[in-house]
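The sequence shown maps to residues 1 to 212 in UniProt numbering. Where a beta carbon is used, it is the ideal one built from N, C-alpha and C, also for glycine. Here the structure comes first, spelled out in C-alpha cells, and everything after it is commentary.
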Amino acid sequence: MPGNRLPLNIFEPRYLAMVGDAAKGNRLIGMIQPKTVEDRDSRPDLHGVGCLGYIEELETTSDGRFLIALKGLCRFQILTELDATTQYRQVQVDYSDFRHDLASENTAPEEESTISADKKRRLLADIQELLISNGVKPDQDVLKDSDDLLLINTLAMRSPFSPLEKQALLEARTTAERGDILLSLIEMLLKSDMVLANDNGPPSPNSGPTVN
Numbered sequence: 001m002p003g004n005r006l007p008l009n010i011f012e013p014r015y016l017a018m019v020g021d022a023a024k025g026n027r028l029i030g031m032i033q034p035k036t037v038e039d040r041d042s043r044p045d046l047h048g049v050g051c052l053g054y055i056e057e058l059e060t061t062s063d064g065r066f067l068i069a070l071k072g073l074c075r076f077q078i079l080t081e082l083d084a085t086t087q088y089r090q091v092q093v094d095y096s097d098f099r100h101d102l103a104s105e106n107t108a109p110e111e112e113s114t115i116s117a118d119k120k121r122r123l124l125a126d127i128q129e130l131l132i133s134n135g136v137k138p139d140q141d142v143l144k145d146s147d148d149l150l151l152i153n154t155l156a157m158r159s160p161f162s163p164l165e166k167q168a169l170l171e172a173r174t175t176a177e178r179g180d181i182l183l184s185l186i187e188m189l190l191k192s193d194m195v196l197a198n199d200n201g202p203p204s205p206n207s208g209p210t211v212n
C-alpha cells in the first residue's frame with residue numbers, strides 16, 4: 001500500500017536477482033499479485049494494478065538472503081509485459097490514475113484522505129473486537145491517534161483477507177473508498193467468526209481449543 005512499509009525475506013533466485021539489480025540502481029521495484037497461485041516456475045496472469053516500492057533498508061544474510069524494508073510509493077496500471085531476459089518479470093506501467101498517492105494527507109483533498117467520524121468509530125470498534133477474538137490486546141490510544149490514511153492502509157495490509165479482497169483494497173481510488181471496503185470486509189469476517197462459534201456450541205469448562 002502507498003505510504004506503508006513492508007518487511008520482506010527474499011530467498012528465491014529470481015527475486016534475489018531483482019532486488020540485487022534494483023539495489024545497484026534506483027532501488028525501486030514493483031509489487032504485483034498473480035491472479036492465481038500456481039507453481040513457482042509458472043508465469044501466472046497478473047492483476048492489472050500493482051504498487052511501486054522503494055527499498056529503504058537492505059541486509060544480506062550469511063546464507064545469501066536479502067532482508068528488506070519496502071516503502072510503498074504509488075500504485076500503477078500495467079500496460080504490457082516486456083519480453084525480458086532477466087529471471088524476474090518486467091512490465092511497462094502507467095501511474096497517471098494514481099498520482100494522488102504521492103500527495104501527503106495534508107495536501108490531498110479531504111474526501112480522498114479521510115473517512116467520516118462515524119465510520120472511524122465503527123472501524124475502531126470492529127478492529128478491537130477482531131483483535132480481542134484473536135487473543136491480542138489492542139492499544140486504543142495508538143489506533144485513535146493514527147491518521148486515517150495510515151490507519152486504513154495498515155489495516156488493509158495486516159488484516160487476514162484473501163488475495164482478491166486485498167486486491168480490491170489496493171485498487172480503491174481514495175482512502176474513503178478503501179475505508180468502506182475495509183469496514184465491510186471486517187464486519188463480514190466478524191460475522192463469520194460468530195457463526196462458526198455458534199455452530200461449535202459453547203465450550204465446556206474443561207475443554208481445550210476446538211480444531212475443525
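In DSSP terms, what residue i is bridged to
i: V93; result: I78
i: L28; result: Y54
Rounded straight-line distance, which links the Cα of residue j to that of residue i
i: P163; j: L190; result: 18 Å
i: I55; j: L6; result: 10 Å
i: Q87; j: D180; result: 39 Å
i: I127; j: L67; result: 29 Å
i: C51; j: F98; result: 10 Å
i: S116; j: S184; result: 15 Å
i: G64; j: F11; result: 8 Å
i: E57; j: R122; result: 35 Å
i: R27; j: L8; result: 14 Å
i: E171; j: Q33; result: 12 Å
i: H47; j: T154; result: 21 Å
i: G20; j: R14; result: 10 Å
Exposure label - residue i; buried when at least 16 CB within 10 Å
i: A84; result: exposed
i: R75; result: buried
i: K120; result: buried
i: G53; result: buried
Residue i, enclosing alpha helix (DSSP H) - first and last residue
i: P163; result: 163-171
i: T154; result: 148-158
i: R122; result: 117-133
Beta strand (DSSP E) segment containing residue i, residue limits
i: R5; result: 5-10
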